[in-house]
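The block underneath contains the structure these notes are about, expressed in structure tokens.
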Amino acid sequence: MKRRSISIGLAAGLGCAAAFLFVLGRADLRGLANGLALTPPMGWNSWNKFGCEINENVVRETADVIIASGMREAGYRFIVIDDCWQVERDSRGDIVVDGKAFPSGMAALAEYVHSRGLKFGVYSDAGTMTCQGRPGSWGYEFQDARQYAEWGVDYLKYDWCNNGGQNSEAAYSRMHDALAVCGRPIVFSICEWGRTKPWLWARDIGNLWRTTGDIQDIWEGRKEWGGLGVVQIIDLQNGLETYAGPGHWNDPDMLEVGNGGMTETEYRSHFSFWCLLAAPLMAGNDLRTMSAATRDILTNAEVIAVDQDPLGKQGRKVRDDGDLEVWARPLTDGSRVVILFNRGTEETRIAVSWPEIAYTENLEAKVRDLWLHKDMGSFTGHYAAAVRGHGVVMVRITP
Ligand code: GLA
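In terms of my numbering, the sequence shown opens at residue 145 and continues consecutively.
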């Protein structure tokens, strides 16, 4: 009797283990299991600067300049062609590339990008048409994913226009499943603008998901159709920090640094926040003509190291005094990165106290300013600095 119950117990146990393994197996097909984007993806995307005026020359020259400017060295890897590369489907349903803008075709372009030690990305849409009215992938998910793999695609941004009222989780799961069997590792970037709270369902489906509408090259403001200034986007990130981690990131949209609509101070704040937020860093400017000031922002190694910290903990707001805010993020080595943020227009002194960043009051810690590239000394209990209007002071605090 006892024996029997042991064997029944064992069988039940094995059954559970099998079920567990099955669940793991399912999980294996999803999210983290593609093993990609263990730190937030970095690269360049054509949309913010070029819109539909994108062609293969721009892509090749951008690949060249990523190397020449030191951006590849700084970590930028993906070159992603956004909307407008596709024109129709042929009689077999295969997606047709715009032959005027991309006469060499996608496989040759991917090969060129790969030959520069970079990775290649494209864009499609979960609906019938992309946001610019080009063919979407609805109903063609597996065919398109196979095509991307044949071309050598490493990254897919997948939009949400003309979605026909589909369930978002189901629509993005379909492309996830297609990518999982296409034979090539492809980072999956979900772009449904935060409409159905993708942070609640996308962790096992995509490597990153947009949390808001489209970024605009402006400091503050909201467009009727959903475009947002940098400040509005920052505000919408607070509270989402628990959903991000290695392999699955909140995406507050691509960078506008260097596109001309903001001051250098504002661009530095924009970039600082994206790094504190563990955001994907997709440059969105014309790299071929960028100023030294823009390049210095995009390649600040100390700030990028915050974005790429392997712990992958997104920062959050720890104090809100109206126009004066303090944000913080813990890093792998136990240090904290702090942004002192002045939303107002006048230079103002802002302080962070140690208990706000989970350090004891009497702890002595070294402070390094990540934009001045300067050790500021050792401090006990708090640190304060003057912060210019629309600016940040970004420091790393190490006990
Ligand atoms: C949407 C996306 C943008 C961009 C455009 C392209 O608006 O959110 O990032 O891809 O479509 O049409």
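Note that the Cβ used here is the ideal one computed from N, Cα and C, for glycine as well.
Between the Cα of residue i and the Cα atoms of the options, which residue gives the shortest distance?
{"i": "Cys-419", "options": "Ala-388, Asn-403 and Asp-451", "result": "Asp-451"}
{"i": "Ile-377", "options": "Gly-357, Ala-436 and Trp-353", "result": "Gly-357"}
{"i": "Arg-236", "options": "Gln-291, Glu-255 and Val-224", "result": "Gln-291"}
{"i": "Gly-195", "options": "Asn-429, Trp-471, Ala-212 and Ser-317", "result": "Asn-429"}
{"i": "Ala-422", "options": "Ile-362, Thr-183 and Gly-179", "result": "Thr-183"}
{"i": "Val-231", "options": "Arg-278, Ile-210 and Pro-185", "result": "Arg-278"}
{"i": "Asp-234", "options": "Phe-246, Asp-288, Val-224 and Gln-276", "result": "Asp-288"}
{"i": "Val-531", "options": "Leu-484, Trp-515 and Lys-518", "result": "Leu-484"}
{"i": "Arg-460", "options": "Leu-384, Arg-540, His-414 and Thr-206", "result": "Leu-384"}
{"i": "Gly-350", "options": "Ile-330, Thr-340 and Gly-365", "result": "Ile-330"}
{"i": "Tyr-267", "options": "Ser-413, Asp-464, Arg-260 and Leu-300", "result": "Leu-300"}
{"i": "Ala-218", "options": "Cys-335, Arg-439 and Ser-312", "result": "Arg-439"}
{"i": "His-89", "options": "Pro-424, Asn-444, Asp-238 and Glu-490", "result": "Nothing can be reported for residue 89: it is not among the residues displayed for the chain, which extend from 145 to 543."}
{"i": "Thr-274", "options": "Asn-307, Gly-456 and Ser-213", "result": "Asn-307"}
{"i": "Tyr-256", "options": "Val-202, Tyr-284 and Trp-229", "result": "Val-202"}
{"i": "Asn-311", "options": "Ala-293, Trp-345, Cys-228 and Val-539", "result": "Trp-345"}
{"i": "Val-375", "options": "Asn-394, His-414, His-392 and Thr-409", "result": "His-414"}
{"i": "Ser-190", "options": "Val-241, Ser-248, Gly-265 and Gly-214", "result": "Gly-265"}
{"i": "Leu-425", "options": "Gly-261, Gly-179, Asp-467 and Met-215", "result": "Met-215"}
{"i": "Phe-332", "options": "Lys-341, Thr-340, Trp-369 and Ser-317", "result": "Ser-317"}
{"i": "Ser-479", "options": "Pro-543, Val-470 and His-526", "result": "Pro-543"}
{"i": "Asp-467", "options": "Ile-211, Ser-522 and His-534", "result": "His-534"}
{"i": "Trp-242", "options": "Val-224, Val-209, Ala-207 and Glu-200", "result": "The identity of residue 242 in the sequence shown is Asp, whereas the question assumes Trp. It is Glu-200 whose Cα lies nearest to the Cα of Asp-242."}
{"i": "Asp-395", "options": "Val-325, Ala-324, Glu-410 and Lys-341", "result": "Lys-341"}
{"i": "Gly-405", "options": "Gly-187, Tyr-387, Gly-373 and Glu-491", "result": "Gly-373"}
{"i": "Trp-295", "options": "Ala-502, Glu-313, Ala-254 and Arg-432", "result": "Ala-254"}
{"i": "Ile-334", "options": "Gly-371, Leu-507, Glu-508 and Met-319", "result": "Met-319"}
{"i": "Gly-187", "options": "Asn-178, Leu-380 and Ile-448", "result": "Ile-448"}
{"i": "Arg-325", "options": "Trp-369, Trp-353, Ile-210 and Phe-286", "result": "Looking at the sequence shown, residue 325 is not Arg but Val. Nearest of Trp-369, Trp-353, Ile-210 and Phe-286 to Val-325, Cα basis: Phe-286."}
{"i": "Leu-380", "options": "Arg-339, Tyr-411, Pro-390 and Gly-280", "result": "Arg-339"}
{"i": "Ile-132", "options": "Glu-491, Leu-475, Asp-465 and Thr-386", "result": "Outside the modelled stretch of the chain, which goes from 145 to 543, sits residue 132, for which no answer is possible."}
{"i": "Glu-490", "options": "Arg-354, Val-536 and Tyr-503", "result": "Val-536"}
{"i": "Ala-388", "options": "Asp-298, Asp-453 and Leu-507", "result": "Asp-453"}
{"i": "Ser-497", "options": "Ala-509, Arg-487 and Asn-486", "result": "Ala-509"}
{"i": "Gly-283", "options": "Gly-271, Arg-221 and Trp-343", "result": "Gly-271"}
Which partner residues does residue i have in the DSSP bridge list?
{"i": "Ile-494", "result": "Ala-529"}
{"i": "Val-539", "result": "Val-482 and Asp-513"}
{"i": "Asp-465", "result": "Leu-468"}
{"i": "Pro-279", "result": "Met-273"}
{"i": "Ile-359", "result": "Leu-372"}
{"i": "Trp-188", "result": "Ile-223 and Ala-427"}
{"i": "Lys-518", "result": "Asp-513"}
{"i": "Ser-94", "result": "Only positions 145 to 543 of the chain appear in the structure, and residue 94 is not among them; the question remains open."}
{"i": "Thr-183", "result": "Note: Thr-183 sits in no beta bridge, so no partner."}
{"i": "Lys-263", "result": "Phe-222"}
{"i": "Ile-239", "result": "Arg-233"}
{"i": "Thr-524", "result": "Glu-508"}
{"i": "Arg-460", "result": "Ala-472"}
Start and end of the alpha helix (DSSP H) containing residue i?
{"i": "Glu-205", "result": "200-212"}
{"i": "Trp-191", "result": "191-194"}
{"i": "Asp-440", "result": "436-442"}
{"i": "Ile-377", "result": "374-381"}
{"i": "Asp-288", "result": "285-295"}
{"i": "Leu-253", "result": "250-259"}
Please report the residue range of the beta strand (DSSP E) in which residue i lies.
{"i": "Trp-471", "result": "468-474"}
{"i": "Ala-218", "result": "Premise fails: Ala-218 lies in the alpha helix (DSSP H), 215-218, not in any beta strand (DSSP E)."}
{"i": "Tyr-302", "result": "299-303"}
{"i": "Gln-230", "result": "230-233"}
{"i": "Glu-508", "result": "508-513"}
{"i": "Phe-246", "result": "Element bounds for Phe-246: n/a, residue is neither H nor E."}
{"i": "Leu-366", "result": "Strictly speaking, residue 366 in this sequence is Arg, with Leu absent from that position. Unbroken run through Arg-366: none, as it is neither H nor E."}
{"i": "Leu-352", "result": "352-354"}
Less than 8 Å between CB atoms is the rule here; does residue i satisfy it with respect to chain B?
{"i": "Glu-491", "result": "Among the chains in the structure shown there is no chain B, since it carries only a single protein chain."}
Quiz item: Mind pulling the alpha helix (DSSP H) runs of 4 or more residues that sit fully within the region 315-343?
Solution: As far as the region 315-343 is concerned, it has no whole alpha helix (DSSP H) run of at least 4 residues.
Exercise. Jot down the residue ranges of each uninterrupted alpha helix (DSSP H) in the region 385-451, minimum 4 residues, whole runs only, in chain order.
Key: 408-420, 436-442 and 445-451
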